[in-house]
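The opening position of the sequence shown corresponds to residue 20 in our numbering, with each subsequent residue numbered one higher. Glycine included, every Cβ here is placed at the ideal spot set by N, Cα and C. Reviewing the structure listed below.
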Amino acid sequence: MKLRTTALLGAVALALIAGATLSGGSPTSLPSGEPPSHRASPTAPTTHPPGVALREIDGGPGYYSRFKNPIPSEPHFFPVGVWFESALEKDYVAKDVAAGLNTYVVLTADSDFDLIRSSGSYAIPTFASDKASGFALADEVDMWAGAGDAAWTGKFAGEGPICTPEQAKCGYTVQNQLRSLAPPGVMTYANYGKGVTFWFSDEQAQSFINGQQDLVSADNYWFTDPYICAKTEGGAIVGYARDLTDEECRLAANYGWTVERLRKLNGGKAPVWAFVEAGHPFENSPGATTITGPEIRAAVWSSLIHGARGIVYFNHSFGGACITQHVLRDCPGETLPAVTAVNRQIKELAPVLNSPFLEGSTTATGPVDYAAKLYNGKVFVFAGANTASGGVATFTLKCGGSSAVVIDENRTIPIVDGTFSDTFANGNAVHLYTIEGGSSCGF
C-alpha cells in the first residue's frame, strides 16, 4: 500500500510449500570468522549422519559489516523494522523501541537521525545521510514501471508518464539510476511487489533481484489483501491456475512462500527481509480485512522459518477501525501486544536465527513447515502449520535427544526413539523447540 490508497500488492502460494524442509540453498563451509559456538571443537567427530549438513544464513553472518555505517552483524542483533515511519519525538521513538523495533525502513525526511541512533536504532532512508545505514531505492517499481530498460522520465507512480515511450517498461532503469545516487559504500535496499512474486518470469524477476540492490524484500499481504487470492495473483502459482480458496490463501505459510520466492531468485547469496502488515492496509472494500494478533505472529515465524534475515512491519491502515499512518503507536487492541511479544522472541532467539541451518537433521510428517538450527552445540527446531486446519506433526531427529522443550509454552515433550509429536491447533499455530540431551551431529 505504501502510503497510498490504491490497491496494495500481494503475493502467492500455499500448499505448494507444504512439508518444506527449507533446503533452499547448498551447504557451505563455515567461515573462519564465525563465533566459536558455531564451529566444531577440536575433539568433535569429523563424520556426520548421512544427508546432514550446515547451511549458512543467506549472505553469511558478516554480510552487513561490508557496508558503510552498517546495521550490526553481531549474533545478538536481528533487524526488526517499521515501514515509512517518522522519528521526531523522543517519546514516540521510545515506544517503537519498547515494541521491539530497531530499524526504520524508509522514513520521513524530517526525521531526527541523532534521536534514532541514540535510541540504539538504525535507518534506511530514500535519501542520502551520513548517519544512515542504507539507501532505499524505488518501492514496488516492478508494479508501476514494469520489467524493462526503457528510458525513465524521472516521475514516480501517480505523477504522470513514467517511461519513454509511455507504454514502454523501465523498472530496471529506475533502480539503476536511483542506485547511482546512493552514497559510496552504503547498503542499498529495495522492496518489490506482485510483479516479482507473481507476474514476471524468473528471468524478468531476477533482473530486479540480482545486482540492483544489496538487500531485498517483497510485500505480499496474504491475510488482508482483497485481490491476492485471484488466479492472476496467488492463484498463478504452479498448480493453481484458478482463484484460491480462503483456506488456501489466507494462510501464514504463504508469507514463507514469498521469502522462498526471493531466495530462489537470488540463490541465497544475499539477505531477504520479510514484510508483515500490522493493520488494515487496504481501504474498506469487499475482502479487505484487519490482520489479527495470532496472524501477525504466525506470518512472522513462517518468514523466519523460511530464512528471512529481517522483518519489516507495514505500519499503515487505510481502512478498518483505526485509520492511521502509525498503527503501532496509535491503535488500541491486540496488535501492539502481539507485535511486542513476537519481537521479544526474535530478540531472545537472535543468536539462533543468525546461526546456520542444520539441513537434513530433522524430518517431519504432518501439516507443518519447519527448520532446524544449530547454535552453541544444540539443535533448535522451529515449526509452523501450513494448512488452515493444522493437525498433528511428528518430528524425527538424526542428532538424537531426550526431550523437546517448547519455548515460552511451559511444557516439555519426551523424545522416544528419536521422534516426538505435537499438535498444531490451526493455521496460525507455531511451536519453537529446544532439543535437550542430543548431539550436534558432529559439527
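Helix, strand or coil for residue i per DSSP?
i: Val200; result: According to the sequence provided, residue 200 is Leu. The question's Val does not apply to it. Leu200 falls in the coil class under three-state DSSP.
i: Tyr111; result: helix
i: Ser304; result: coil
i: Glu159; result: coil
i: Lys366; result: helix
i: Gly403; result: strand
i: Pro433; result: strand
i: Leu270; result: coil
i: Val278; result: helix
i: Gly193; result: A small fix is needed here, since residue 193 is Val in this sequence, not Gly. If DSSP states are grouped into helix, strand and coil, Val193 belongs with the helices.
i: Thr359; result: helix
i: Val257; result: coil
i: Leu393; result: strand
i: Leu416; result: strand
i: Thr354; result: helix
i: Val449; result: strand
i: Lys283; result: helix
Label residue i either buried or exposed according to how many other C-beta atoms from any shown protein chain fall within 10 Å of its C-beta, with 16 as the threshold for buried.
i: Ser51; result: The pLDDT assigned to Ser51 is 31, lower than 50, so where the model puts this residue is not dependable; a value taken from the coordinates is nonetheless given after this. So Ser51 counts as exposed.
i: Asp77; result: buried
i: Arg269; result: buried
i: Asn395; result: exposed
i: Arg430; result: exposed
i: Ser421; result: exposed
i: Asp133; result: exposed
i: Phe146; result: exposed
i: Ser408; result: exposed
i: Arg280; result: buried
i: Lys213; result: buried
i: Lys150; result: exposed
i: Asp388; result: buried
i: Glu19; result: Residue 19 is absent from the structure shown; the chain starts at 20 and stops at 462.
i: Ala272; result: buried
i: Ala260; result: exposed
i: Pro180; result: exposed
i: Gly457; result: buried
Please go through the same chain and pick out, in chain order, the residues whose beta-carbon is closer than 8 angstroms to the beta-carbon of residue i, but skip the five residues on each side of it.
i: Gln232; result: Leu156, Gln194, Arg198, Thr207, Tyr208, Ala209
i: Ser322; result: Tyr274, Gly275, Thr277, Val278, Ala293, Val295, Ile330
i: Arg316; result: Ala357, Ala360, Val361, Asn447, Val449
i: Ala169; result: Cys182, Thr183, Pro184, Ala187, Lys188, Cys189, Thr192
i: Ala289; result: Asp77, Gly78, Tyr82, Asp233, Leu234, Val235
i: Arg363; result: Gly119
Can you tell me which residues form a DSSP beta bridge with residue i?
i: Cys182; result: Trp171
i: Glu378; result: Ala72
i: Ile454; result: Ala423
i: Phe154; result: Thr207
i: Val387; result: Ala404
i: Gly410; result: Phe443
i: Tyr141; result: Thr122
i: Ala293; result: Ala237, Ile330
i: Thr438; result: Thr415, Val435
i: Val398; result: Leu393
Just to confirm, does residue i get its C-beta within under 8 angstroms of one of the non-hydrogen atoms of the ligand GTP?
i: Thr413; result: The ligand GTP is absent from the structure shown, which contains no ligands of any kind.
Cutting at 7 angstroms between CB atoms, please list the residues of its own chain near residue i, excluding the five before and the five after it.
i: Pro305; result: Pro245
i: Ser92; result: Pro80, Gly81, Tyr82, Tyr83, Ser84
i: Val319; result: Val295, Ile330, Val361
i: Leu355; result: Ala118, Leu347
i: Gln196; result: Trp171
i: Asp131; result: Ala106, Leu107
i: Ser226; result: Ala166, Tyr191
i: Pro68; result: Lys417, Cys460
i: Gly410; result: Gly385, Pro386, Phe443
By Cβ distance below 6 angstroms, which residues in the same chain neighbour residue i in space, the five residues on each side in sequence not counted?
i: Val6; result: Lying outside 20 to 462, the shown extent of the chain, residue 6 is not represented and no answer is given.
i: Val371; result: Lys392, Tyr394, Phe399
i: Lys283; result: none
i: Thr382; result: Thr415
i: Pro433; result: Ser422
i: Gly312; result: Glu353, Ala357
i: Gly253; result: Val31, Ile247, Leu263, Cys268
i: Gly230; result: none
i: Ala201; result: Phe154, Thr207
Would you please verify whether the beta carbon of residue i is less than 9 angstroms from any beta carbon of chain D?
i: Ala318; result: Any reference to chain D falls outside this structure, which holds one protein chain only.
| Those runs of the beta strand (DSSP E) which lie wholly inside the segment 209-246 and span at least 3 residues | Here the runs fully enclosed are 234-237.
| Which runs of the alpha helix (DSSP H) fall wholly inside the segment 90-138 and span at least 4 residues, in chain order? | List check, alpha helix (DSSP H) in window: 109-117, 132-137.
| query | Counting only runs that start and end within the segment 298-347, where is the alpha helix (DSSP H) found for 4 or more residues in a row? | reply | Within the segment 298-347, the complete alpha helix (DSSP H) runs of at least 4 residues are 312-324.
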